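Residue 170 in numbering that gives the first Met the number 0 sits at position 171 of the sequence shown, with consecutive numbering throughout.
For each residue, glycine too, the CB sits at the ideal point set by N, CA and C.
Being a predicted model, the structure only gives us computed values, none of them experimental.
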Amino acid sequence: MSDTDTDQENEVFFRNELQQRERPTSHQDENQVHEEQEPTEQDDQWLKAAFGKLVHMQGQMVETLEGVNKMISNIQRQNEKTLIVQNSNIQQQNDLPSLHRNNNFAGEPAIQHNMLPRSSISYSNHKCNNSTKIPPFNGKDEWKVWFNRFETIANRQGCNDEEKLDHRLPKLQGSGGAFVFTQLHRETVDTSNYHELVREINNRFRIIEIPRTFAAKFSQRHQKQNETAEEYAAELKRLYDRAHKRRDGATRKEDLVRRLLDGLRDEDVRWEVEYVKEPRDIDEAVYHVVNYI
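Following this line, the structure appears as structure tokens:
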């Protein structure tokens with residue numbers, strides 16, 4: 000055989016051998032591809048299951064949120080109903096007489112207490128009484144002073160408006176009683192409207208005074224017969240403070256001392272205190288006047 004034939008045979012042999020070796024490799028590749036495809040299908044199934052669970056959880060969350068919204072709506076409606084009831088009760092109390100609206104000494108609900116007739120209401124649970132000695136108002140005394148005294152004592156005793164009215168009416172005498180019981184409309188007294196009665200009396204007996212009026216009274220004020228130095232000084236202070244509310248302290252001291260000395264009835268005392276003692280304020284001047292021998 001020639002070398003050419005030998006080479007051809009060798010080439011055929013190696014080609015067949017190579018093909019046989021490549022076949023298992025191709026089969027192995029197919030198995031590898033098949034194995035690589037199997038995990039992908041499992042992943043798809045897992046994703047589908049996870050998505051299903053997610054959808055289920057989302058549905059549960061929606062149901063939970065709907066339940067919470069319903070609960071909030073119910074609470075809001077309940078609060079609105081409660082607020083409406085409270086406003087209604089407040090309005091009813093405002094429409095009722097002031098006695099039962101402002102004072103409830105028996106500890107009962109205001110509406111039930113207001114349904115009782117006036118004669119059946121007991122005031123024995125607190126100390127409001129008419130035993131305090133308050134002088135009657137006859138129209139000659141200063142109304143504001145009498146009113147403030149009465150109100151202070153009545154409030155400290157826990158009196159309500161109805162009881163204040165019961166205690167005040169007998170105290171109105173002289174021109175004060177004549178005004179209330181003859182000039183006012185009967186409904187003002189019969190309806191037990193305490194504040195309306197006070198307003199009417201205040202309009203009748205109040206004294207309208209402006210700072211200029213008090214300034215004039217201060218400049219003309221002299222010590223009266225049988226008036227002590229302390230009383231005289233106290234009246235000067237009252238008039239000055241109402242006439243000159245914005246005066247500085249130094250000017251106030253000087254003006255009060257000057258007015259006190261100028262208004263003293265005893266000229267010897269005036270000279271002694273003014274030129275010998277030389278007081279710095281009205282209190283010191285009063286001290287020297289009282290201790291003058």
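Cβ neighbour criterion (16 or more within 10 Å) applied to residue i
i	result
residue 259	buried
residue 265	exposed
residue 200	buried
residue 270	exposed
residue 159	buried
residue 263	buried
residue 75	exposed
residue 50	exposed
residue 166	buried
residue 45	exposed
residue 79	exposed
Nearest to residue i (by Cα), restricted to the options the options
i	options	result
residue 174	290, 271, 141	141
residue 230	246, 213, 282	282
residue 244	214, 226, 220	214
Cutoff 8 Å; reference residue i; Cβ partners in own chain excluding five residues on either side
i	result
residue 205	142, 143
residue 280	252, 255, 256
residue 116	For residue 116, the pLDDT reaches just 44, beneath the cut-off of 50, and the residue's location in the model is therefore unreliable, although a value from the coordinates is still provided. Same-chain partners within the cutoff: there are none.
residue 139	173, 174
residue 153	127, 162, 163, 166
Simplified DSSP state of residue i, which is helix, strand or coil
i	result
residue 171	strand
residue 100	In this predicted model, residue 100 has a pLDDT of only 43, less than 50, meaning its place in the structure is not dependable; the value taken from the coordinates is given anyway. In this structure, residue 100 counts as helix in the three-state DSSP scheme.
residue 291	coil
residue 248	helix
residue 71	helix
residue 78	helix
Beta-carbon proximity list for residue i, same chain, < 7 Å, skipping 5 on both sides
i	result
residue 278	256, 272, 284, 287
residue 183	199
residue 203	178
residue 217	235, 238, 239, 242, 258
residue 170	133, 135, 136
residue 289	228
residue 208	none
Contacts around residue i, its chain only, beta-carbon distance under 6 Å, and the 5 residues preceding and following it disregarded
i	result
residue 137	172, 173, 175
Bridge partners - residue i, DSSP secondary structure assignment
i	result
residue 136	171
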